[in-house]
Amino acid sequence: MMKIVCLLVGFVLLAPISTFALSAQSIEERLEAIVKIRAKIPVHARTARALGTERDGNGVVIDSEGHILTIGYLILEANFIEILAPDGRRIKASFVGYDHRTGFGLIKATEALGVAPMKFGESSKLNEGDPVLVASSGGQSSLKGVRVISRKEFAGYWEYLLEKAIFTSPPHPEFAGAAMIGADGRLLAIGSLFSQVVAPNVGIIPGNMFVPIDLLKPILSDLKTTGRSSRPPRPWMGLFADEVRGRVFVNRVSPGGPSEKAGVKPGDIILSVNRVAVKSLAGFYRKVWALGRAGVKVPLQVLQGNRINKITIQSSERFTFLKLR
Numbered sequence: 058m059m060k061i062v063c064l065l066v067g068f069v070l071l072a073p074i075s076t077f078a079l080s081a082q083s084i085e086e087r088l089e090a091i092v093k094i095r096a097k098i099p100v101h102a103r104t105a106r107a108l109g110t111e112r113d114g115n116g117v118v119i120d121s122e123g124h125i126l127t128i129g130y131l132i133l134e135a136n137f138i139e140i141l142a143p144d145g146r147r148i149k150a151s152f153v154g155y156d157h158r159t160g161f162g163l164i165k166a167t168e169a170l171g172v173a174p175m176k177f178g179e180s181s182k183l184n185e186g187d188p189v190l191v192a193s194s195g196g197q198s199s200l201k202g203v204r205v206i207s208r209k210e211f212a213g214y215w216e217y218l219l220e221k222a223i224f225t226s227p228p229h230p231e232f233a234g235a236a237m238i239g240a241d242g243r244l245l246a247i248g249s250l251f252s253q254v255v256a257p258n259v260g261i262i263p264g265n266m267f268v269p270i271d272l273l274k275p276i277l278s279d280l281k282t283t284g285r286s287s288r289p290p291r292p293w294m295g296l297f298a299d300e301v302r303g304r305v306f307v308n309r310v311s312p313g314g315p316s317e318k319a320g321v322k323p324g325d326i327i328l329s330v331n332r333v334a335v336k337s338l339a340g341f342y343r344k345v346w347a348l349g350r351a352g353v354k355v356p357l358q359v360l361q362g363n364r365i366n367k368i369t370i371q372s373s374e375r376f377t378f379l380k381l382r
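Last residue of the sequence shown: number 382 in my numbering, and the count goes up by one each step with no gaps.
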């Protein structure tokens, strides 16, 4: 309890007292909703090579039914999921849903957890410079005061794009599935990645990227009932790319995925989509997704070695490619 009080005192110095209404006791109650997640993934799973067969992270209890929100890569293709409750119990959990657009994952405990779920806040009201708390499982020792450094676009190499991701610093060491908690004690975001953050008048500093909770609200009911969002699925190509000096380079392709079947290879440079030049990773994704839903053909110009080739990818749906059940 004393550690929480000391942290709160230091944290309040960073923000007006009027904006920080949590007592040490209420923070401790919030921390009980954060659990440890352990997942095991078969060696033949599609994501085993990139993400490993044993994954540890965190999750947040969000309702009285035992649903736990986490970051999706922790539980993708898992055949065994276990949570460590605040009281020390090891409880099995089942996979419920995954949303590739946001990155959220949802599981459900098979036993009653006996903790108060964390209520949702409004991440849209979170601004650059705002102080927040970040916590993983482990109680008081996991709590860390951080600031929002930026709200900006994030393009991930796995065909992933967030319009207004939340970047914070200093980084939390247990960021995967960690809870971002606002001044009112409500859940604002879920931790996703370690990242480099550009701080005004400072430069590049280490930090984390969080997925805003507002993105979950429209799809939560779908995830609970069908395991996925009801929105039309975007075309998926099965490639992993990076942006370097205005060029999009292919790092690798998913074995058996649409890009490999079409002849895209590691080291290729994507020049255009449907004859429109590609200059950024985010722009590449938007041009592909603008063609239509999953299954649409994706016409590319690709620099392969010293030759420019036309390649058409028959896109697919990522959800069906993964072994989620």
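Each residue gets a CB set at the ideal place from its N, CA and C atoms; glycine is no exception.
Return the first residue and the last residue of the beta strand (DSSP E) that residue i is part of.
i    : result
E139 : 137-141
V335 : Run containing V335: none; DSSP gives neither H nor E here.
P356 : 354-361
I94  : 91-97
R364 : 364-371
So, are the CB atoms of residue i and residue j less than 7 Å apart?
i    : j    : result
I138 : I119 : no
G116 : V92  : yes
K380 : A102 : yes
I128 : G178 : no
I326 : R350 : no
P315 : S373 : yes
S180 : L245 : yes
A135 : I98  : yes
L131 : A166 : no
A192 : A236 : yes
L218 : Y342 : yes
G284 : G123 : no
L360 : V321 : no
V254 : S226 : yes
R146 : I238 : no
I94  : I148 : no
P228 : F251 : yes
Could you pull out every residue in the same chain whose Cβ sits closer than 6 Å to the Cβ of residue i, ignoring the five residues on either side in sequence?
i    : result
S286 : D156, I276, D279
E89  : P143, V172
T76  : In this prediction, T76 scores a pLDDT of 45, lower than 50, which makes its location untrustworthy; no coordinate-derived value is stated.
G213 : none
C63  : Summary for C63: the model assigns pLDDT 41, below 50, so the residue's position carries little reliability, and this model does not support an answer.
Flag residue i as yes if its beta-carbon sits less than 7 Å from any beta-carbon of chain C, otherwise no.
i    : result
Y214 : Among the chains of the structure shown, chain C does not appear; only one protein chain is present.
Quickly, what does DSSP pair residue i with across the bridge? List them, please.
i    : result
E255 : Before going further, note that residue 255 is Val rather than Glu in the sequence given. In DSSP, V255 forms a bridge with I261.
L250 : M266
F161 : I128
L328 : For L328, which the question treats as bridged, DSSP gives no partner whatsoever.
P188 : R204
L296 : V310
G154 : L163
L244 : F177, I238
R302 : None, per the DSSP bridge assignment.
K149 : E139
K209 : A222
Which residues in the same chain as residue i place their Cβ atom closer than 8 Å to its Cβ, once the five residues preceding and following it in sequence are excluded?
i    : result
I61  : The pLDDT assigned to I61 is 43, lower than 50, so where the model puts this residue is not dependable; a value taken from the coordinates is nonetheless given after this. The answer, listed in chain order, is A81, I84, E85, Q197, L200.
A334 : L328
E220 : E210
G310 : The sequence as given places Val at residue 310; Gly does not occur at that position. If we look at V310 and ignore the five residues flanking it on each side, its Cβ neighbours are G295, L296, F297, S316, E317, V321, K322, P323.
A344 : Reading off the sequence shown, one finds Lys at residue 344, where the question assumed Ala. These residues qualify, in order along the chain: V330, N331, V333, V335.
Who are the Cβ neighbours of residue i in its own chain at under 7 Å, not counting the five residues just before and after it?
i    : result
N363 : none
With respect to the alpha helix (DSSP H) encompassing residue i, which residues constitute its N-terminal and C-terminal limits?
i    : result
E231 : Premise fails: E231 is in no alpha helix (DSSP H) and is neither H nor E.
S226 : Unbroken run through S226 is the beta strand (DSSP E), 217-226; no alpha helix (DSSP H).
R375 : 375-378
L280 : 277-283
E111 : Segment 111-118 is the beta strand (DSSP E) holding E111; no alpha helix (DSSP H) there.
A319 : 315-319
A105 : 105-108
Check your understanding: Should the stretch 99-112 be regarded as contacting the stretch 347-358, the criterion being three or more beta carbon pairs within less than 8 Å?
Key -> no
Practice item. Evaluate the contact criterion for the stretch 202-209 versus the stretch 242-262: three or more CB pairs, one atom per stretch, below 8 Å. Key: yes
Exercise for review: Taking 8 Å as the threshold, find out whether the stretch 263-275 comes into contact with the stretch 289-307 through three or more Cβ pairs.
Suggested key: no
Review point. At a cut of 8 Å, does the stretch 328-338 reach the stretch 303-317 through at least three beta carbon pairs?
Key: yes
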